[in-house]
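Protein chains in written order, with the numbering used here: chain P, 15 to 498; chain V, 353 to 636.
Laid out in structure tokens, this is it:
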């Protein structure tokens, strides 16, 4: 009896006619614990989907295989996977690899045209290689087909900038999302690059989070100079390894905020623009900040070191992915967990709002899959509105890519309750967020060269000369492939 | 009694050398009993309450982080995979490599040296050069993701190594001993089994250990040619690093556990190892 009453209460909740608090009170009244409640909710969502005028059982009995990166998004998907299996009667197998080797595995599988995997996790940048090479399917063929896509899928609920960022025409210099673009992947979770700071340290120093890049440099210097007698070791954490991953987070977000670009596009011919005078001035400021107040072994820093340092209390703030701060803030194994504040950051004093460069964990379909339609069933469920809501509210699917999740009171409560400033950071940053790089097939090679140049400048090379050398080297690389 | 200053200096030099080589290992062992908080203190902690949490988590494969998430590690399976792949590879190598080494050492036949050098050249080719074509073929013929396929591919590493090392040992053994044994009415196989192999045992043991270490440490073949179900410790260990924390204690624990099999094996065959290496040293 209480079970059926609870199901009816969940139904009311899912229709938006009951608050989360009321639902929890009702669950308590009927003696239903939180774990049982979430399970019931999953079942109820599955029943609601099954009731749609859409044949979810079309591929019943089919097994698909996924290639996944070890990530909280993947954990969140697996936690809900039984609902998908119950809904469709399909079986899902998956291989999980650590991020350090994940993309090697993906590249090997796709370049050898293996049909082993039907769908896989990827980043939007990677599809600039995979898409034009014919390794992944154009998802427009599925999204636009009402016979293949369930009526409540609502593609337009996915944040527009992210939808655009995951599509591209394949022509170097064309803006992602422009007319003629193919949808190489679909956004699943994403990160904005903002400031995460240790509130305890900032309070002790009597500071507010930085207003611009110069203030950030000054604050970072203060923390580094005063590290001796305090808990922290240095001021600002950013990535520094010789990799594209050093350029795309805080660095590119700040670079774009100053109105700077990586390439000038002259009718499809690209010319490196890192050595413009404004770019040189920006690099000098960035290098000054890293040299005076970054970590001692900055040139080896990746996501993990940056996160680890703020988690352990070694750095006072980071300019990196917002979810990096979110995850490390939430994990009680980290010493400073719970002490982080979040801040939408506008590095350029003349700019009106942040312009974070985005990284988007996305889902793509292998073009060599022999079960594309079945794989699409999993994909539309995985980033569909119901599963996105479950991921955002019940698990760690943060940042969610659907506007409906951001607008949900439950998600808002959850984030505001754990991460001060996070919602404000999102709201101030999302409009200016996009991929600020020029889409081109040598993205990884050129950004790795850029990171190498940054390392040289950090160790004392002349900024102007290093950037001139970098630009001419990149121009040569582009010329070799007929793009300059 | 006069104090010999050189003896004292020598003693301190030995201590310094031992410290230099053993300190990282000792510190990793130490870390495996610490919590992340203790490991990441600004001033390193020397005295702490040891915890077995890391070893328990590694064994159980599940580490619950209260109020956040549950971390799953498949290290036990990775360890079993490493053992299957390494033992399997060395066994196949011994089966094929020892008779082949004997043949190359004892018999001169047309194209013999060319074949031996071709086998050696497998060691020259960078793994990344051959891995993609292999992936393509293995997918075509249904060998992707199998222990059999990986053991086969591991022969590229282990077989030339064993063949060339053991060949040298067979060449060092005088054939007259074998001839004398065969004059007593024994067959060729009996002389190979009862005379040649026991005499070359130190070399075979040393080469086997090296093959085992190379197979155990291999990373790229299993990564590309297998699913996550058959990955060895070298690939599996990377999964400790997560988006929300680097559990250094767990990583240290994984290192300690994954070094143990090689260490135990080396201790067991230490006697042969020393003989094997010294035999090689006085050759020529």
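Note that the Cβ used here is the ideal one computed from N, Cα and C, for glycine as well.
query                                                                                                                         : result
The segment 561-579 of chain V in contact with the segment 428-446 of chain V per 3-pair CB rule at 8 Å                       : yes
Endpoints, alpha helix (DSSP H) assigned at residue 283 of chain P                                                            : Segment 283-286 is the beta strand (DSSP E) holding residue 283 of chain P; no alpha helix (DSSP H) there.
Distance between residue 442 of chain V and residue 634 of chain V (C-alpha atoms, nearest Å)                                 : Note on residue 634 of chain V: pLDDT 48, under 50, position unreliable in the model; no value is reported.
Three-pair Cβ contact test at 8 Å for the segment 576-594 of chain V versus the segment 63-72 of chain P                      : no
Closer than 8 Å to chain P by CB, residue 502 of chain V                                                                      : no
Buried/exposed call for residue 269 of chain P, threshold 16 Cβ in 10 Å                                                       : buried
Cβ separation of residue 203 of chain P and residue 375 of chain P, assumed to be a contact under 8 Å, to the nearest whole Å : 5 Å
Pair within 8 Å by beta-carbon distance, residue 128 of chain P and residue 484 of chain V                                    : no
Residue 432 of chain P - DSSP class collapsed to helix/strand/coil                                                            : helix
Backbone CA spacing between residue 264 of chain P and residue 332 of chain P [nearest angstrom]                              : 9 Å
Helix, strand or coil at residue 370 of chain V [DSSP, three-state]                                                           : helix
Length-filtered (4 minimum) alpha helix (DSSP H) runs lying within the segment 525-555 of chain V                             : 527-535, 540-543
Residue 636 of chain V versus residue 523 of chain V - alpha carbon distance                                                  : Low confidence applies here, because residue 636 of chain V scores a pLDDT of 43, under 50, leaving its location unreliable; read the following figure in that light. Residue 636 of chain V and residue 523 of chain V: Cα-Cα distance of roughly 11 Å.
Rounded Cβ spacing between residue 277 of chain P and residue 452 of chain P (contact assumed at less than 8 Å)               : 4 Å
Where residue 367 of chain P sits in the DSSP three-state scheme                                                              : coil
7 Å Cβ shell around residue 348 of chain P - same chain, five flanking residues per side excluded                             : 325, 326, 342
Per DSSP, cross-strand counterpart(s) of residue 196 of chain P                                                               : P/182
Residue(s) in a DSSP beta bridge with residue 201 of chain P                                                                  : P/376
Nearest-angstrom Cα separation, counted from residue 424 of chain V out to residue 404 of chain P                             : 21 Å
8 Å Cβ cutoff met for residue 163 of chain P and residue 394 of chain P                                                       : yes
Between the CA atoms of residue 194 of chain P and residue 459 of chain P - distance to the nearest angstrom                  : 26 Å
Pair within 8 Å by beta-carbon distance, residue 95 of chain P and residue 63 of chain P                                      : no
Neighbourhood of residue 228 of chain P by C-beta, 8 Å cutoff - its chain only, sequence neighbours within 5 removed          : 299, 363
Beta-carbon proximity of residue 610 of chain V to residue 585 of chain V, cut-off 8 Å                                        : yes
Residue 464 of chain V: first and last residue of the uninterrupted alpha helix (DSSP H) it sits in                           : 464-473
Nearest candidate by alpha-carbon position, reference residue 122 of chain P, set V/487, V/516, V/599                         : V/487
Per-residue contacts from residue 86 of chain P into chain V (C-beta, under 9 Å)                                              : 421, 594, 595, 596
Residue span of the alpha helix (DSSP H) that contains residue 336 of chain P, given as start and end                         : 336-344
Cross-chain neighbours of residue 418 of chain V in chain P, by beta carbon under 9 Å                                         : 346
Distance, residue 450 of chain P Cα to residue 78 of chain P Cα                                                               : 35 Å
Nearest candidate by alpha-carbon position, reference residue 117 of chain P, set P/156, P/344, P/137                         : P/137
Candidates P/397, P/396, P/423, of which the one nearest residue 407 of chain P by Cα                                         : P/423
For residue 326 of chain P, three-class secondary structure by DSSP                                                           : helix
Chain P residues whose Cβ lies nearer than 9 Å to that of residue 575 of chain V                                              : 111, 115, 118, 119, 122
Within chain V, partners of residue 342 of chain P - CB distance below 9 Å                                                    : 595, 596, 597
Three-state secondary structure assigned by DSSP to residue 81 of chain P                                                     : strand
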